[in-house]
Amino acid sequence: MRAKFKGPIIQRRSQIDGSTTDQRLLDSRGASDWVHTDPWRVLRMQAELVEGFGALAELGPAVSVFGSARLGPDHPSYAVAEVLGRRLAEEGFTVITGGGPGAMEAANKGASEAGGVSVGLGIELPWESGLNDWVDVGVNFRYFFARKTMFVKYSQGFAVLPGGLGTLDEMFEAATLAQTGKITSFPIVLLGTAYWQGLVDWMRDTQLAEGTIRQEDIDRLVLTDDVEEVVALMVAAREVDPS
Numbered sequence: 025m026r027a028k029f030k031g032p033i034i035q036r037r038s039q040i041d042g043s044t045t046d047q048r049l050l051d052s053r054g055a056s057d058w059v060h061t062d063p064w065r066v067l068r069m070q071a072e073l074v075e076g077f078g079a080l081a082e083l084g085p086a087v088s089v090f091g092s093a094r095l096g097p098d099h100p101s102y103a104v105a106e107v108l109g110r111r112l113a114e115e116g117f118t119v120i121t122g123g124g125p126g127a128m129e130a131a132n133k134g135a136s137e138a139g140g141v142s143v144g145l146g147i148e149l150p151w152e153s154g155l156n157d158w159v160d161v162g163v164n165f166r167y168f169f170a171r172k173t174m175f176v177k178y179s180q181g182f183a184v185l186p187g188g189l190g191t192l193d194e195m196f197e198a199a200t201l202a203q204t205g206k207i208t209s210f211p212i213v214l215l216g217t218a219y220w221q222g223l224v225d226w227m228r229d230t231q232l233a234e235g236t237i238r239q240e241d242i243d244r245l246v247l248t249d250d251v252e253e254v255v256a257l258m259v260a261a262r263e264v265d266p267s
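Each residue of the sequence shown is one higher than the one before, counting from 25 in the numbering used here.
Here it is as structure tokens:
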């Protein structure tokens, strides 16, 4: 049965609405009655931040794992994500994902089966139906910015498997925050060189050549096919900042 999650609220059947909270916030078309409701949205945003902080504050060292929701169990990256989740848990990390299917589900599964803490930070979307079954601690968000805050605040690094626009969004946000000094000691590891090499080559051959980025911006992105290298980088970052 199709279901839609709006933060802590679930909708089914005829009660499913046709838009998301973010869409209504950002859409300036139509009637102007939204002017009178925006102040109340601020309270909802505040509540999401408070709920997220309360749920995640005592997780300990954590790593966020990103990747496509569209990669099924038969995809090679699904197996890689599962191994990564397990190895991170074995090294004492909480594993945080977007809580969806595909690579996220695999990482949550690996962490949970290894006895680690498996976290899912869900988001209200028109085509997804809640958190995967391997999430042990889950928080559903209405607003992307509140969810992104949780990823960055409670993670010591990002491991990025093959993914689409959402994965790119999270990866480049982390790279931007590191570039601007908003976060430090923050590994960003791209797992799957065949998938990611073309992007990094374009950054070097086009962006760097045009002077729109610096070499250190590219150097922040570590490419590998080795799960153990990912884990080692996260352990090293934890030793620099053991909080």
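The beta carbon of each residue, even a glycine, is placed where N, CA and C say it ideally should be.
{"Query": "When DSSP labels each residue in this structure, what does A27 get in the three-state scheme?", "Result": "strand"}
{"Query": "Hey, out of M174, G78 and A170, whose CA is closest to R65's CA?", "Result": "A170"}
{"Query": "Over what stretch of residues does the alpha helix (DSSP H) that includes L192 continue unbroken?", "Result": "L189 to Q203"}
{"Query": "Under three-state DSSP, which class holds L145?", "Result": "strand"}
{"Query": "Going by DSSP in three states, F165 sits in which element: helix, strand or coil?", "Result": "strand"}
{"Query": "Do you know offhand how far L7's Cα is from Q239's?", "Result": "A query on residue 7 cannot be resolved here, the shown segment of the chain reaching from 25 to 267 and no further."}
{"Query": "Quick one: what's got a C-beta closer than 8 Å to E114's C-beta in the same chain, skipping five residues either side?", "Result": "A138 and G140"}
{"Query": "Determine which residues share a DSSP beta bridge with A130 and list them.", "Result": "The partner list for A130 (beta bridge, DSSP) is empty, contrary to what the question assumes."}
{"Query": "Is T191 a contact residue of the ligand ZN, with contact defined as CB to any heavy atom under 7 Å?", "Result": "With respect to the ligand ZN, the structure shown offers nothing to examine, as it has no ligands at all."}
{"Query": "What would DSSP say about A183, mapped onto helix, strand or coil?", "Result": "strand"}
{"Query": "Taking just the CA atoms, how far does P211 sit from V204?", "Result": "For the sequence presented, residue 204 should be read as Thr rather than Val. Cα to Cα, the separation comes out at about 15 Å."}
{"Query": "Where does S43 land, buried or exposed, given buried means 16+ other C-beta within 10 angstroms?", "Result": "exposed"}
{"Query": "For a quick check, are the C-beta atoms of M258 and L145 less than 8 Å apart?", "Result": "no"}
{"Query": "Can you find the residues in the same chain that come closer than 8 Å, C-beta to C-beta, to A199, ignoring five residues on each side of it along the sequence?", "Result": "I212, D241, R244 and L245"}
{"Query": "Apply the 10 Å Cβ neighbour rule to L155 and answer buried if 16 or more other Cβ atoms are within range, or exposed otherwise.", "Result": "buried"}
{"Query": "Going by Cα to Cα distance, which pick from M174, M227, K172 and P186 is closest to A131?", "Result": "P186"}
{"Query": "Three or more beta-carbon pairs under 8 Å between the stretch 84 to 96 and the stretch 117 to 128, yes or no?", "Result": "yes"}
{"Query": "Could you please give me the residues that DSSP links to A103 through a beta bridge?", "Result": "Partner(s): none; A103 has no beta bridge."}
{"Query": "With burial defined as no fewer than 16 other Cβ atoms inside 10 Å of the residue's Cβ, what is the status of I40: buried or exposed?", "Result": "exposed"}
{"Query": "Give me the residue from E75, P97 and K177 with the minimum Cα distance to K206.", "Result": "K177"}
{"Query": "So which of D46, A103, E253 and A260 has the shortest CA-CA distance to L149?", "Result": "D46"}
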